[in-house]
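Notes to accompany the following structure.
In this note's numbering, the protein residues as written are 247 to 1452.
In structure tokens, the structure reads:
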């Protein structure tokens, strides 16, 4: 018989310690560990940490075995670990219904329990009697399930268990937007049962998702059916939220010692080493004492002043616990393990010596780790006055299994019995290692050969979707449907992954499904979701953001491959060319850099060898899961606009296609729009179905009467000409006033039945012959109000054509026509929601910002202080917006933009504690009103008609305080805006001298004063204002920044010449006052020619219309302009008080516009007024570039000399 080596003797000593302090509490039937001899409950988190010592000791025995008995001991210890992990698995599987429900509700009442009965695996307390929702506990189980499986243990036995674990992944994958009760089961610091977003939960979930991704739960004996799949975007969401929160633990906790578990062993969830060190130093400086670390500041647990008979504290009770918090030795064990992983021998030695000094000597001299050290009741006041001076006494459980286990594990590591890689076989400890630079592979695909030819004309050679066969290209929403099949199990009634948005990380991989290669287009290009994808400029902006996101967040092997489709919606209005923003983006991609991201543009075939592949084996033909097993599960996305009105396209698919092709075609057909409305006429008519002279309140009153209802308040924004009268009631600038009911008139021009009610059947008949977008919107809105969205119109004799279906089709048509006000309104009627709304709110909350939605006062304005489930969040926004559904949709849009900016530019939100979305929208409307010098109603209407890209820019200018310009094309009869253009703008502007320019403007003003134009007007080549038609309900508005610093080659070539001309013109005006008399003479002669255009009716008796003009087409400058009336041309501008304290000046001038009118405003709270200084003063005062102050020569010709301002 061999003698024992020194290492063997030492291991035997640890084995006795483990048996006497940990395994003695293990239940022989379930394998669970009770908390103590007195408390028989088994906490999930405590059980996992408590078994780590047993797991580590088993591996130490296997590595240092001297005899066969040592190998047997190693196997025994490992099976104790397996028994406990399977016991926890059984506890959770008994609550499989909660897992299924929580995936959709994320409610605290539907969560898995935090503790179970040790003997029976059953629950021990009610759903609402304990803080059960602890995402970190479930995540910790999955993390060590992965680590232990990777170390060689077999914990999962059956495919049913595999499916359950996959659904546990779905349970925690949304941890970044789930408010839970945290590690200490109390919720926020006040201990009043309020859940909050906890960094410890988010970090542990991130670690678990990364660890278990692509892991075979059967180990070396598994196959494709036992592999777990995780979507990388969920991991990255957790990472970004965690990064924004640390070193703070939550909204209420400044710091928490529990963060040691995520910045070091076992999670290693933080990738920034600087952030790891900052968090660690915060814990040491604020929480560490003589006996360990406090859990968090003002922690009242087991302090002498805490009432143990109450579950929750009183609101103001926390002050009592200041400076007397209990200290926990367990956190020193984390520091020891952290030192071992970092190779810091000094840290290991210091904390081992400190820990040895506070251990309790038990029976037979074994070392016991107490739960905590508390202040004696008679020395509370002394400790409060002089912290860390009073000797403490041990309280709580002895031993504390969690601390005891980590103490043994740290000793095994420190003494060399275990290597760090043995308890971290998945190499999570390298998370802070430097990552290589990422090059994003971008492939541009044309939808068809027509688009391919259009791109070729511009020198861009791309492939069409048909050219890359056999590689398959599908939209991103199809991938969401495919992943909805993952994890389904009929035996346990598990439905798999909920239909959720898949981000750009998920769509930048190549997928192998049934031996076919698939690539999926990113969802920001999918127009079947929220309307942001209807704006080509917004698509380009999102592409820039997502490329930068890929460069920063890609963690997989290989390169990301982004497939960017060029579809028919990216063409110009007449379909003859590619949209300029899209075309310029492709050219930038060819340069190799776009938005700071390194990109490589090429064909998809070139990227096959360097891309990352994911094998979706759960869709293989021999798998139990069938694609067409149940149409009700996952076939339709929540965003599908067609609802239940979908024919079964499965039967229409040809038999030659396999099941996968049939399923994909089925999904494409189910989410595609069908056409029932008559096509729109190319020429927009001015007539409408109903008379526009009646106010919308009267219309709604009659409709309410037809339904026997009373509507005291009606929606504030309506999209069409018939309802434009009511749209003015949306006044976001002034305080909203209650709407008063008016007596309805009797001469409405819509069909009625014998009872005098609106005849909806006849409205449907009129809809068949209606080819005008606005008229269709009029009719469908009235049908929506009277009959509801589910009313079957039986249009053209087709059954199942509901109002909802027709509104969905109208939504698509409005998108093609860029009718943003109508798009937003229909989106509200259809109850559309942003796919990433909950994520956006969480991004803002994680930066310690509160959100409010709706306009004040309360209770209409709702406060959001913690993450909410998507459905609950959407419902809250619509409730806060009242009956104004357009505001509800715009609120979602603004939240998404704010989240973009808080991630990219957090400095914009410094010192902001609460973001009030309703007031932000009101400020945006106010700035438009100031910039355009119009009423609140008109500004609100203009705001609703902004494209998403311009809305985002306007919000950024307001947040940053930058000066912005408003560009308005067309004529608005109510406000008097018009746009001027010429057939040859260059010759027009350059041929005018100072006298001629002024004369032309006076002719235009006199024409406007005497002639009436019912529609929009433009200046024809002979100088005659002519009406034009437009299908838009209001002029197009766009936002641009004033003060660009960069110039194009064309601008650069003309800068010197323009500067010289402007200086010469300034001297001429100051030296030659006779120019004014000459201009008057020219104006008189020009006025006599106005009889050539007097065919239009007279203007109504009203003040002269304002004219907003901008730079001429010959000058590419972005100089701000002002709004002037004819009288302003003949008088010096009087000085006005500046609305801003720093009296920021801007350049104001008048120019001939190339088809658009511009006004400028200042986003910091005021608007830009006419400058009283020279054109170059603003550049000197504001420090802007030359380009920002540049104006065209006609600006100087049309302006009078200005008085210099001090």
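Ideal placement from N, C-alpha and C gives every residue a C-beta, glycine not left out.
- By the Cβ rule, the segment 907-927 counts as touching the segment 1010-1024, because three or more pairs are nearer than 8 Å.
- Beyond the five residues adjoining it in sequence on each side, residue 271 comes within less than 6 Å, by CB distance, of 279, 280 in the same chain, given in chain order.
- Between residue 662 and residue 479, the C-beta spacing is not below 8 Å.
- Counting the other CB atoms within 10 Å of its CB gives residue 257 a total of 16 or more, which places it among the buried residues.
- CA-CA distance, residue 1033 to residue 1130, rounds to 19 Å.
- By DSSP's assignment, residue 539 forms a beta bridge with 534, 574.
- With distances taken between CA atoms, residue 659 lies nearest to 584 out of 727, 604, 708, 584.
- Between residue 722 and residue 768, the beta carbon gap of about 6 Å places them in contact (Cβ cut-off 8 Å).
- Secondary structure remark: continuous beta strand (DSSP E) runs of at least 3 residues inside the segment 491-570: none found.
- Here DSSP, grouped into helix, strand and coil, assigns residue 300 to helix.
- The bridge partners DSSP lists for residue 272 are 279.
- Inter-segment contact for the segment 807-816 and the segment 671-685 is absent: fewer than three beta-carbon pairs are separated by less than 8 Å.
- Assigned with DSSP and collapsed to three states, residue 761 falls in coil, not helix or strand.
- Nearest Cα to residue 474 within the set 619, 600, 743, 378: 743.
- Apart from the 5 residues on each side of it in sequence, residue 389 sits with its Cβ closer than 6 Å to the Cβ of 453, 454, 457 in its chain, given in chain order.
- As DSSP reads the structure, residue 846 sits in a beta bridge with 687.
- Taken in chain order, the whole beta strand (DSSP E) runs of length 3 or more contained in the segment 609-680 are 618-620, 639-641.
- A residue is called buried when at least 16 other Cβ atoms come within 10 angstroms of its Cβ; residue 676 does not meet this threshold and is exposed.
- Here DSSP, grouped into helix, strand and coil, assigns residue 1112 to coil.
- Assignment of residue 748 by DSSP, reduced to helix, strand and coil, places it in the coil class.
- Within the same chain, Cβ atoms closer than 6 Å to the Cβ of residue 316 are found at 307, the five residues on either side in sequence being excluded.
- For residue 1160, the enclosing beta strand (DSSP E) has its first and last residue at 1160-1162.
- When C-alpha distances from residue 747 are compared across 739, 730, 493, the shortest belongs to 730.
- In this structure, DSSP gives residue 1212 an extended state, which the three-state scheme calls strand.
- By the criterion of at least three beta-carbon pairs nearer than 8 Å, the segment 289-306 is in contact with the segment 328-344.
- For residue 314, DSSP assigns no beta-bridge partner whatsoever.
- Annotation for residue 425: 441, 442, 443, 1112, 1113 place their beta carbon closer than 7 Å to its own, counting only its chain and skipping 5 residues before and after.
- In terms of Cβ geometry, residue 615 and residue 575 form a close pair [threshold 8 Å].
- Around the beta-carbon of residue 435, 16 or more other beta-carbon atoms lie within 10 Å, marking it buried.
- When the alpha-carbon of residue 527 is set against those of 784, 548, 502, 512, the nearest one is in 502.
- Inclusion of residue 696 and residue 709 in the CB contact set at 8 Å is not warranted, their separation being larger than that value.
- Between residue 1148 and residue 1203, the beta carbon gap of about 16 Å keeps them out of contact (Cβ cut-off 8 Å).
- C-alpha of residue 1065 to C-alpha of residue 1035: approximately 21 Å in a straight line.
- Under the rule that a run must span 4 or more residues, the alpha helix (DSSP H) segments found entirely inside the segment 1057-1112 read 1066-1075, 1083-1092.
- It is roughly 44 Å from the alpha-carbon of residue 492 to the alpha-carbon of residue 1060.
- Bounds of the alpha helix (DSSP H) holding residue 264 are 252-267.
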